[in-house]
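In the numbering used here, the protein residues as written are 12 to 350. Here is the structure we will look at, set down as structure tokens.
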Amino acid sequence: MAGLGGAGGTNRMPPMADAPTFPIAEPQQELREPPTARVCGRCHGTSDTQAQFCRFCGASMNEAFAPGAEVPTAEVATPVAAAPVAAAPTPLAPAVAAIAPVFVGPPAAAVPAAQPKQAFGRLIVVAKDGGEGPNYPLHERVDIGRSEGEVRFPDDRYLSPRHVRISVRDGRVYLRDLQTPNGVYLRLREAPVTLANQGVFLIGQQVLRLEILQPDGFGPVTEGDTLLFGTPTSPRYARLCQRTVEGVTLDVFHIRKAETVLGRESGDIVFADDPFLSRRHATLHYDVEKKTVQLRDLGSSNGTFYRAAGDEIEVASGDQFRIGQQLFRIELGEGARKG
């Protein structure tokens, strides 16, 4: 087989050019490069102004740098001994403590996990449109308030800091008013409720206080031996006092019949400007013999509420109650009493 260099030549590859070596300058006091130099565009090494190729990487100086370009003369400072490598700085403590090593020893007795609280039902916020709002699990004890308790409504200024307590005992649910100025109002179902003297109830936006009168509290008035002239009298069994946010009574309405109807358009006592009242909203029935007054809802849209009296009152599943501007419904599970 013929050699690559001609007849009789040896079969050898052409010698490869030696790799460029980088001269190491001897330590000296001062070393200056030529006044002008060409800079390689690839490795940024400097070569002589007449060089066509970079003496470090071999790239064409004509492509890498325009001919005739100059760079300022660079001074090379006197070499000094390399500074010793500084020890690695101590790492700072992390913001979250690192997990401590876990020692794996002999197996120990298992510790039972904490059992979650049992929920007996739900406490549901009734929205203004009648739909369901947020709901909360009903445990053995739940406190509701403006700034204290498990359920809070910080923007409702009609709520006390801790307003009402819900307790579940033996499958029964109880409400306790925590001595608040505005109390707890329960919504009537089909059955009426007997109002005590000074009892308070709510229909629409009307907060009304009942005052039961003594039947023999009045009589004809005379001045000397002359009777006072006026409208003929009629029986007055009780009166309703309209309580305002100012804490004073606005209007007073007398109960003069055995049954008195309250509403927005039709009835014995009408609140025409209250859009939250039904046309015929509720009735008050006076028992002449027992001298008691019963409050009944007439199937109104927004309901009739009476203020709960006493330390504690039992409620059933489906019952609604109002505190401040919040309306709630209680839903109980299988283990609780249902109405």
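Don't be surprised by glycine CBs; every beta carbon is placed ideally from N, CA and C. Here the structure is a predicted model, which is why all the values come from computation and not from measurement.
In the DSSP assignment, PHE316 falls within the beta strand (DSSP E) that extends over 315-318. Short of 6 Å from the beta carbon of GLY314, and not among the five residues preceding or following it, lie these beta carbons of its own chain, in chain order: ARG198.
In this structure, the CA atom of GLU143 is about 7 Å from the CA atom of ILE135. It is roughly 19 Å from the alpha-carbon of THR242 to the alpha-carbon of ALA249.
The alpha-carbon of SER58 is positioned some 6 Å away from that of CYS65. Annotation: GLY321 to ARG290 spans about 32 Å, alpha carbon to alpha carbon.
Under the three-state reduction of DSSP output, ASN73 falls in the helix class. Between ALA293 and ILE341, the C-beta spacing is not below 7 Å.
For ALA293, DSSP records a beta bridge to LEU273, ASP308.
The beta carbon of ASN208 is closer than 6 Å to those of ILE223 in its chain, skipping five residues each way along the sequence.
Under the DSSP assignment, GLU325 falls in the beta strand (DSSP E) whose first and last residues are 324-326.
In chain order, LEU186 place their CB closer than 6 Å to the CB of ILE324, counting only its own chain and leaving out the 5 sequence neighbours on each side. Closest in C-alpha terms to GLY344, from the list GLY132, LEU306, VAL137, ARG183, comes GLY132. Sixteen is the threshold: when 16 or more other Cβ atoms of the shown chains lie within 10 Å of the Cβ of SER311, as they do, the residue is buried.
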